[in-house]
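Per full-length UniProt numbering, residue 1 is the first one in the sequence shown, and the count goes up by one each step. The beta carbon of each residue, even a glycine, is placed where N, CA and C say it ideally should be. Please read these numbers as outputs of a predicted model, since none were measured by experiment. See below for the structure under consideration.
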Amino acid sequence: MESPECPVFLQSFLALGKSYDTSTPVSRNATIYCSTEILSLDWECKSDRLLLIGTSDGCIKAWNVDAKRVVCDLNTTEAFPSVLDIKCSPVEPIFVSAAASGGAGSNYIDNLGFASLTVWNMKTWKAMTVLPLGEDPPAITSLCFNHNGKILAASAVDGMIHMFVEDMSAGLQITGWPAHDSSISSILFGPDETSIFSLGSDGKASQILWSRDSSRFCYPLNDSKYCRHEMALDANGRRLLVTSSSFRAPIYQVHGHLSGWRTLPHGAPITAVDWHPTLPIFLTGSADNSVRVTSLS
């Protein structure tokens, strides 16, 4: 079922993106052209009018969907040209970028190189601080703020999860732990700040119950035969949707440990997934160049 309230942004490795909103006139839709590959996207949380776009040449663009133009162009340092992920704080006018020193080559993960995590001010559009990761840190692949923006989680190619807390400008890392034997492709907080979901490049997904004393319980989610790299959690934290090399994506019932649900089929592997922020509606994007909007109600 197609939803009338679901704005969509499509990311392409062909250096362009398409913005759609089925609740507004077609004239507000836009195609954004970049000079190089788009690696990461995130919406500014409060207004949903600014879209941040990270590219493979160290550029971070802020696109205003009302003005339909780029309102700010930022650049990472030359040493870290690949902007692998961007996340906006849900509370403060800041965002964090994860950039890597590499990114080219046939074995993508092995060629990402070292990491740089930068906190940016969205009022001045200037870098505030670089978060500490140690000497020659492995590339950071995924970022996530918790519900109130007080905690930032960052996952890395070496399977580590790093946790930063409270004032991001202070650059305080409070803890970190090895979560996977492989590179971590995606990381998400649950509805509260005590639950973290992580997805390894080997297809293994887990939930970690985390607290300030770093005690945690981890259980693997079933069905790891498909190669998966991205996941999305619904607004209630009950359903986990995961990309797949199959033509259908698995949906996990988190608290019941069930994994028997599947999305409607595409004609090629599922490469991108997302949930509506409030409704039981999800998106699946496929390598067959299609996007499906599905309602569970």
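Residue 264 has no beta-bridge partner at all, per DSSP. Counting the other CB atoms within 10 Å of its CB gives residue 254 a total of 16 or more, which places it among the buried residues. Shown here, residue 121 sits in a strand according to DSSP, grouped into three states.
The residues 241, 273, 274 and 275, in chain order, have a CB closer than 6 Å to that of residue 232 in the same chain once the five nearest residues on each side in sequence are set aside. Leaving aside the five residues that flank residue 174 on each side, the residues in its chain whose CB is nearer than 6 Å to its CB run, in chain order, 163 and 165. Relative to residue 101, the option among 92, 58, 93 and 69 whose CA is nearest is 58. Our two residues, residue 268 and residue 39, have alpha carbons roughly 21 Å apart in a direct line. Within the DSSP secondary-structure output, residue 144 pairs in a beta bridge with 153.
Of the candidates 245, 292 and 250, the residue whose Cα lies closest to the Cα of residue 271 is 245. Relative to residue 132, the option among 264, 123, 152 and 184 whose CA is nearest is 152.
Under the criterion of beta carbons closer than 8 Å, residue 243 and residue 263 do not qualify as touching, at roughly 10 Å. Around the beta carbon of residue 146, 16 or more other beta carbons lie within 10 angstroms, which makes this residue buried. Taking residue 68 as reference, the option from 49, 204 and 249 with the minimal CA-CA separation is 49.
Secondary-structure assignment with DSSP links residue 160 through a beta bridge to 178. For the options 291, 96, 55 and 170, the alpha carbon positioned closest to that of residue 36 is the one of 55.
A distance below 7 Å between beta-carbons, with the five flanking residues on each side excluded, links residue 230 to the following residues of its chain, in chain order: 185, 186, 243, 272 and 273. One Cα belongs to residue 285, the other to residue 91, and the distance between them is close to 29 Å. Excluding five sequence positions before and after residue 188, the CB atoms of its chain that fall closer than 6 Å to its own CB belong to 144, 197 and 233, given in chain order. Burial of residue 252 is indicated by the presence of at least 16 other C-beta atoms within 10 angstroms of its C-beta.
The straight-line gap separating the alpha-carbon atoms of residue 95 and residue 123 is approximately 11 Å.
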